[in-house]
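Take a look at the structure set out below.
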Amino acid sequence: APRMPQLVKEFLRCDPDELQLRTQTTTRLLQEHARWEKHGEPSTFRLLCLMADQTLFSIVEWARTSIFFKQLKLNDQMKLLHSCWSELLLLDIISRQVLCGKEGSLLLVTGQEMGLSDIDSHAGLTLTSLVQRGQELVEKLHILKVDRQEFACIKFLILFNPDVTLLEDHQFVESVQAQIEGALLEYTLCTSSHLLGRFAHLLLCLSELRSLSTLAEDYLYCKHLSGEVPCNNLLIEMLHAKR
Amino acid sequence: KKKDNALLRYLLDKDDTV
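Those protein sequences? They're chains A and B, same order as listed.
Count the first sequence with our numbering and you get residues 1 to 243, in order.
Count the second sequence with our numbering and you get residues 1001 to 1018, in order.
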């Protein structure tokens, strides 16, 4: 077995339990369903928003209890999360497809599968393009054989972004970012030193993820303006934070 | 602004010991 850097072990330890997230999300959907029974069947889009909202709760809890993040002041914690919530949300969806998904379908956090062709047939241009680019990214990460350890590192790389403006402790965030990159590089060299440039490819995938997340936020914001996103939740609060 | 981000602030700042 390759030697795993201590930091990568720590990142893995911080990773939320997938089964717990699945149970929490299913419970939340059942509660919402009972509430909606009086108002008719909720749309698939509304259910997906609730899943995203529940995942956001788990992302915040992951960050709050994680190494390094705990050392930051509350204002810096909020700035970092406001800046990257949609990337972390997309990464959660994308990593699930890479690690456990099947071709042609979307594996949801609840363990259910949705046919991608079903989504395409109901989606407008923006969503179709988002799904397609998302699929391409899944494919790239699949070819790179990105594993659980690397996804755990990537999440921290996304969170500790020194480009976020007006951080009180910018230096700390910068030093953590450097440590994460170092740990990820060391890990990739141990596991796949024969694959030249794999680390650089991983970083390229990250910039594609960032660009996708901007599109996804714009899409959700439009849906919110047309009243299709359920109100009073974390998703809405995050959507408003940057605007 | 404070009020706008009330939920995130609460989630990050909640006291686990209570």
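Where a beta carbon is used, it is the ideal one built from N, C-alpha and C, also for glycine.
None of the values given here were measured: they were computed from a predicted structure.
- Proximity of Met51 (chain A) to chain B, defined by a Cβ-Cβ separation below 8 angstroms, is not satisfied.
- Rounded to the nearest angstrom, the gap between the Cα atoms of Leu74 (chain A) and Leu90 (chain A) is 24 angstroms.
- Per the C-alpha coordinates, the member of A:Gly104, A:Gly111, A:Thr110 positioned closest to Val131 (chain A) is A:Gly104.
- Residues of chain A whose Cβ lies closer than 8 angstroms to the Cβ of Asp1013 (chain B) are, in chain order, Leu74.
- Leu81 (chain A) has a beta carbon lying within less than 8 angstroms of a beta carbon in chain B.
- Annotation: the segment 58 to 111 of chain A contains the following complete segments of the beta strand (DSSP E) (minimum length 3 residues), in chain order: 105 to 107.
- Judged by DSSP secondary structure, Met114 (chain A) falls within the beta strand (DSSP E) whose first and last residues are 113 to 115.
- Positions of the alpha helix (DSSP H) runs, each at least 4 residues long and wholly inside the segment 140 to 176 of chain A, are given as 148 to 159 in order along the chain.
- Contact fails between the segment 197 to 215 of chain A and the segment 26 to 33 of chain A, because fewer than three Cβ pairs, one in each stretch, are under 8 angstroms apart.
- For Val229 (chain A), no alpha helix (DSSP H) run applies, since DSSP gives it neither H nor E.
- Here the alpha carbons of Leu21 (chain A) and Thr188 (chain A) stand approximately 28 angstroms from one another.
- In summary, Leu203 (chain A) is exposed, with fewer than 16 beta-carbon neighbours lying within 10 Å of its beta-carbon over all protein chains present.
- Taking a cut-off of 8 angstroms for Cβ pairs, the segment 64 to 79 of chain A and the segment 219 to 235 of chain A do not touch, as fewer than three such pairs fall below it.
- Closest option to Glu237 (chain A), judged by alpha-carbon separation, among A:His82, A:Leu185, A:Ser58, A:Thr23: A:His82.
- The Cβ of Ala241 (chain A) sits closer than 8 angstroms to at least one Cβ of chain B.
- From the beta-carbon of Glu237 (chain A), the residues of chain B found nearer than 9 angstroms are Asp1004, Asn1005, Ala1006, Leu1007, Leu1008.
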